[in-house]
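Enquirer: Next up is a structure, given as structure tokens.
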Amino acid sequence: MKYDEYEMLELFEDEPVVMIDYQTGMFMYSKDDDHGFHLLLTMSVHESKCSVSLSYKHFKGLIFNFDLEDISQIKGENDRLKILGNDDNTEVEISFKPHFSLKKVRL
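Here the sequence shown stands for residues -16 to 90, numbered as in the numbering used here.
Structure follows, in structure tokens:
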């Protein structure tokens, strides 16, 4: 799975949390918006897997959570997170501004 660390840094405005150690290729990115929503992206680079979840501070539980496999690339551009499958089609697109919104899902 390909991704650009600088695109992720710009989109999430923070460094990832390294799970276990850097060589395992498992990272966690998160971002909170001004309305109390929390977006979490976990990725396993070597396994080509990731998961995305959205929660809200005044809501117990998750609004959505899904796991994706066979991911070829994760892009962060124009305030959007794009997750592409092995056929290079967009599986998921999440806009970050003006608020988090799920634009496209092909699960």
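Cβ atoms here follow ideal geometry from the backbone N, Cα and C, with glycine treated the same way.
Over what stretch of residues does the beta strand (DSSP E) that includes M11 continue unbroken?
Expert: Along the sequence shown, read from residue 1 onward, the residue named residue 11 stands at position 28. 9 to 15 is the extent of the beta strand (DSSP E) around M11.
Enquirer: Taking the straight line between their C-alpha atoms, what separation do you get for T7 and H29?
Expert: Reading the sequence shown from its first residue, position 24 is the one you call residue 7. Reading the sequence shown from its first residue, position 46 is the one you call residue 29. Our two residues, T7 and H29, have alpha carbons roughly 8 Å apart in a direct line.
Enquirer: Who are E76's beta bridge partners in DSSP?
Expert: Within the sequence shown, residue 76 is the residue found at index 93, counting from 1. K65, K87, per the DSSP bridge assignment.
Enquirer: Provide the residue span of the beta strand (DSSP E) that contains F39, from first to last.
Expert: Here residue 39 refers to the residue found at position 56 of the sequence shown. Reading off the sequence shown, one finds Tyr at residue 39, where the question assumed Phe. Note, Y39: beta strand (DSSP E), 32 to 39.
Enquirer: List the residues that DSSP assigns as beta-bridge partners of I54.
Expert: Against the sequence shown, residue 54 aligns to sequence position 71. Paired residues: G68.
Enquirer: Helix, strand or coil: which one does DSSP assign to E(-10)?
Expert: Locating residue -10 in the sequence shown gives position 7, counting from the first residue. It is helical.
Enquirer: Should L45 go down as buried or exposed, given a rule of 16 or more other Cβ atoms within 10 Å for buried?
Expert: Along the sequence shown, read from residue 1 onward, the residue named residue 45 stands at position 62. By the 10 Å Cβ count, L45 comes out exposed.
Enquirer: So, Q56 versus L64, is the Cβ gap smaller than 8 Å?
Expert: In the sequence shown, residue 56 corresponds to position 73, counting from 1. In the sequence shown, residue 64 corresponds to position 81, counting from 1. Cβ atoms of Q56 and L64: not closer than 8 Å.
Enquirer: F(-5) by DSSP, collapsed to three states: which one?
Expert: Position 12 of the sequence shown, counted from the first residue, corresponds to residue -5. F(-5): helix per DSSP, three-state reduction.
Enquirer: Using alpha carbons as the reference points, say which of F83, K80, K58 lies closest to D71.
Expert: Residue numbering aside, residue 71 sits at position 88 when the sequence shown is read from its first letter. Of the candidates F83, K80, K58, the one whose C-alpha sits nearest the C-alpha of D71 is K58.
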